[in-house]
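Protein sequences, first through last, are from chains Y and D.
Position one of the first sequence corresponds to residue 1 (the working numbering), numbered consecutively onward.
Position one of the second sequence corresponds to residue 372 (the working numbering), numbered consecutively onward.
Notes to accompany the following structure.
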Amino acid sequence: MPNLSGSVSFIFGNVTVGGSAQLTHSYFDGTDPGCIGISWSHALSGPDAGQFSVVSDDGFSLATGGRCGGAAGKIVVKFSPTSGGNKTATLTLTGTMTNTPFVISLTGTGGVGGTLTLQPQTTNDFGVVKDGTASSPLNVQAINNSGSDVIVSAIAFNGDFSAGPGQPGLPFTLHANNADGAVNIPVIFTPTFTGFRITANAVSVTSSATNSPTSQSMQGTGAVIFPAFTVSGPNQVVLMAFVGAMGAISVLQVNANDLNCEEPGSFTRVYDWGMPLFEKYLGRAILRYEDNSAATFGCTVTATPVGRVSAAGLPGGGGANDGLIHEVFADLQVSGDLIQVAVSRIASQGPMEITEIFHEVDKRGEVVEGV
Amino acid sequence: MTLTKIPLKSGANQLGAPASLATWGGVVSDFPAPGALAVFDDMRNFLCRKGRIITRPRLNAFGAPPDGARVRYLGTFQDITNQYHTLVLTTKNAYMITNGPVYNLLGYPGGVTTLDGTTLPFSTAQILNSLYFANGSQPLMYSDGSAVLQVAGDIQGSCQFLTTNAQALIMAVTTEPAPGNVNSTVFPRRVRWSASGLPNEWVTATDPSAGFNDLVEVPDIISGLTTLGRNTYVFRTNGITVMYPTAATGLGTLAFAFEDFSFAPLGVGNLFYLFDGSTPQPIGYSNKKRIYKDLAAASGDQVVGGILPVLGPNFDFLAYYLEIPGPNVTWVFGYDEKNWMRIDSGAGFLSAMNFVGVA
């Protein structure tokens with residue numbers, strides 16, 4: 001009669017919870033010269049039978065043809081621990097061999113270890129999101145920096161936070177020492193009412209890690225609107241919109257730090273003494289200016305109706321952007337009913353600032369009096 | 372009576388020496404020197420600020436709206452989420468500026484496809500973190516900071532002037548119903564206000580604190596609208612009507628009371644006033660005729676005015692700007708120096724300006 005021989009134990013060792021391992025053992029009929037053949041069936045039993053499964057068993061196919069001449073029949077057993085600790089079970093082969101039932105012990109250890117880290121890829125704050133609308137996704141990264149593999153078996157979302165598109169397939173393994181890099185878990189924020197929302201376990205990951213379940217806090221603010229096209233308030237400038245020739249539209253920005261003058265400018269001060277019976281006399285006129293460029297500008301003094309014109313020409317920058325105060329007209333003496341002091345600036349000749357126009361008035365001339 | 376001519380003595384006053392009338396014989400010394408009272412200035416493209424006469428700031432290029440239409444409004448407001456938005460209204464479209472600048476086209480509510488209609492500038496008012504605007508061409512609309520404009524609830528139509536008072540949005544010179552609808556009519560004497568705290572509720576039957584008043588007791592029409600303190604001033608062509616909230620509001624009770632004042636005691640011909648809430652102060656000064664001359668030559672667009680407190684960060688310059696197309700000049704009245712400046716630019720004439728956030 002045939003006699004089944006082979007290993008009587010499957011020893012799986014440590015297998016991470018949530019993971020699995022397979023072992024294959026061969027069984028022989030070494031005592032069947034007549035080639036009668038063997039067939040058997042199997043059964044799992046024991047306290048942890050649920051942790052083991054028979055993947056394949058040649059014994060079923062030996063029922064009609066059998067094996068002889070020392071041919072091997074294979075049995076593949078899988079160990080899939082769902083919790084930590086030692087697991088034992090028994091695989092019993094019952095068949096036509098003389099040593100039936102053939103009892104095989106199954107042992108293994110459900111391994112728990114490693115640490116799963118969750119972190120926002122950029123931020124955990126969705127900002128302001130309109131009530132009832134889904135935000136753009138933010139990624140939470142799952143990382144295993146520990147020395148043990150971690151198997152992720154489930155991902156849950158809580159509060160107003162839900163799964164975004166492109167979720168990782170479950171389960172997946174994060175091998176030790178961040179060998180796989182970060183795995184992104186997309187999250188969406190859909191506020192149910194207005195106001196700030198924060199959920200400590202917005203993303204909760206169940207894994208084989210010792211810190212399972214692992215949570216990531218997410219936050220956001222529900223609002224009655226979804227703000228669009230925002231700007232930062234403090235970055236303000238004066239904008240001027242112009243309509244030019246042929247309807248050309250231009251928007252210009254005032255550069256408050258540059259007092260350059262792109263357009264020709266002029267300043268005129270007219271002294272009208274208002275006393276026609278007297279000759280008027282401007283004994284001294286001083287124009288003080290701070291020229292911030294090397295360009296020149298024009299200054300003239302005109303008196304009417306006397307007709308005397310005294311021009312101060314075009315004083316230079318007086319040091320070319322030296323930041324000092326300069327004077328013109330200091331010794332000027334003109335007379336007339338109207339005395340005009342004019343400063344003109346050619347376009348694009350740089351900035352200037354007139355700090356003071358001082359005049360010292362005297363009056364002289366014909367006086368008509370009654371006798 | 373005979374007249375005697377007193378000859379002029381020759382000689383010049385010494386520089387730096389005090390002017391001494393006794394130096395000159397025959398000079399009548401009982402007339403005080405006229406001094407600065409008879410001094411007047413004229414400026415072009417200079418600004419008078421903090422005692423200095425300065426060239427105006429440089430104008431750098433900033434991107435124009437892609438529709439190529441005239442810009443009628445630039446402004447920044449804060450929405451209910453405390454986010455800032457810079458709204459740009461052209462004669463055709465509404466945009467929001469973001470960093471770049473990028474002009475982001477806004478969507479329209481149902482029934483509105485464009486802002487086109489009139490050439491009038493937009494009047495705006497901010498209430499409840501939204502910016503309301505109208506220029507008489509489309510129904511009163513607002514931006515709440517989202518990507519689409521909204522119509523102001525059950526608004527009856529459009530208007531040319533907007534302000535707020537007592538938590539009500541107030542509009543004047545209304546067009547009811549909105550342009551484009553049957554029987555659409557302009558009411559140049561009408562002031563209409565929303566329900567208190569509800570700028571999108573305008574029907575009295577729904578909320579009795581909403582209402583309207585036609586200023587039939589005055590002969591002129593409304594030319595402006597603003598609020599100072601608790602009073603809203605309805606500017607008319609020949610005076611001011613003051614409206615202020617009454618203590619009692621409710622069914623059958625007018626939410627606002629109105630009082631009329633005339634410009635007549637202040638003289639005819641004063642177009643420019645500085646108003647602090649008590650007495651309008653004419654500010655045309657000696658430039659009045661020149662401004663009138665430019666106004667008479669206005670052509671090609673609307674004459675518009677506005678107040679701007681600054682010309683940039685750390686560049687305070689509270690001034691009133693009167694833009695006159697045609698001559699393409701801007702008369703600027705500086706509040707601190709109390710004088711007028713005449714500004715022009717090769718870029719043309721101003722159609723809008725404001726201090727806004729752009730990045």
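The beta-carbon is built from N, C-alpha and C at its ideal position, and this holds for glycine as well.
Everything numeric in this text was worked out from a predicted model, so none of it was measured.
query: Interface flag, S494 (chain D) vs chain Y, CB-CB below 9 Å; result: no
query: Residues, ordered as in the chain, of the region 700-729 of chain D that lie near chain Y by beta-carbon distance below 7 Å; result: D715, S716, G717, A718, G719, F720, L721, S722, A723, M724, N725, F726, V727, G728 and V729
query: Reduced DSSP secondary structure (H/G/I, E/B, other) of G397 (chain D); result: Reliability of the predicted coordinates at G397 (chain D) is poor, the pLDDT of 33 falling under 50, and the value obtained from them is presented with this limitation in mind. Coil.
query: Listed by chain order, chain Y residues near R429 (chain D) by CB distance under 7 Å; result: N255, D258, N260 and E262
query: Proximity test, N710 (chain D) beta-carbon vs the ligand HEM heavy atom, cut-off 8 Å; result: Absence of the ligand HEM is noted for the structure shown, with no ligands found whatsoever.
query: Cβ of T191 (chain Y) within 9 Å of any chain D Cβ; result: First, the amino acid is wrong: residue 191 (chain Y) is Pro here, not Thr. Chain D, which has no Cβ nearer than 9 Å to the Cβ of P191 (chain Y), makes this no.
query: Spatial distance of S7 (chain Y) from S26 (chain Y) (CA atoms); result: 8 Å
query: Environment of E588 (chain D) [buried if 16+ CB atoms lie within 10 Å]; result: exposed
query: Below-9 Å beta-carbon distance, G195 (chain Y) vs any chain D residue; result: no
query: Identity of the residue in Y:L287, Y:V152 and Y:F52 nearest V203 (chain Y) by Cα; result: Y:V152
query: Minimum Cβ-Cβ distance from M414 (chain D) to chain Y less than 9 Å; result: yes
query: T230 (chain Y): contacting residues in chain D (beta-carbon distance under 7 Å); result: Q454, Y455 and H456
query: Helix, strand or coil at D272 (chain Y) according to DSSP, with G and I counted as helix; result: strand
query: Whole-angstrom distance between T469 (chain D) and S136 (chain Y), CA atom to CA atom; result: 20 Å
query: Environment of T302 (chain Y) [buried if 16+ CB atoms lie within 10 Å]; result: buried
query: Straight-line Cα distance separating A730 (chain D) from R713 (chain D); result: 31 Å
query: Reference G50 (chain Y); option with closest CA among Y:M97, Y:P2, Y:G110 and Y:W40; result: Y:G110
query: Three-state class that DSSP yields for Q51 (chain Y) in the structure shown; result: helix
query: Beta carbon proximity, L383 (chain Y) to chain D, threshold 9 Å; result: No answer is possible for residue 383 (chain Y): it lies beyond the span of chain Y, which begins at 1 and ends at 371.
query: 6 Å Cβ shell around P680 (chain D) - same chain, five flanking residues per side excluded; result: L689
query: Chain Y contacts from the region 468-487 of chain D (Cβ-Cβ distance under 9 Å); result: I468, T469, N470, P472, V473, N475 and L477
query: CB contact below 9 Å: P47 (chain Y) versus chain D; result: no
query: Length of the line joining the Cα atoms of W40 (chain Y) and L93 (chain Y); result: 6 Å
query: Extent of the continuous beta strand (DSSP E) to which K382 (chain Y) belongs; result: Absent from the model: residue 382 (chain Y). The displayed extent of chain Y is 1 to 371, so no value can be given.
query: Nearest-angstrom Cα separation, counted from L569 (chain D) out to T490 (chain D); result: 29 Å
query: Counted within 10 angstroms of its Cβ, other Cβ atoms place I498 (chain D) as buried (16 or more) or exposed; result: buried
query: DSSP beta-bridge partners of T117 (chain Y); result: Y:I143
query: Chain Y within 9 Å of S670 (chain D), Cβ atoms only; result: no
query: In DSSP terms, what A163 (chain Y) is bridged to; result: Y:V187
query: Residues that L682 (chain D) contacts on chain Y, provided the C-beta gap is smaller than 8 Å; result: V238, V254 and A256
query: Under 7 Å by beta carbon: chain D residues contacting A223 (chain Y); result: I451 and T452
query: Chain D residues whose Cβ lies nearer than 8 Å to that of A372 (chain Y); result: Within the shown structure, residues of chain Y are numbered from 1 to 371, placing residue 372 (chain Y) beyond reach of any answer.
query: Reduced DSSP category for L338 (chain Y) - H, G, I as helix; E, B as strand; rest coil; result: strand
query: Proximity below 9 Å, CB of K78 (chain Y) to CB of D48 (chain Y); result: no
query: Cross-chain neighbours of E353 (chain Y) in chain D, by beta carbon under 8 Å; result: R423, I424, I425 and T426
query: A209 (chain Y) burial status per 10 Å Cβ neighbour count (16 or more: buried); result: buried
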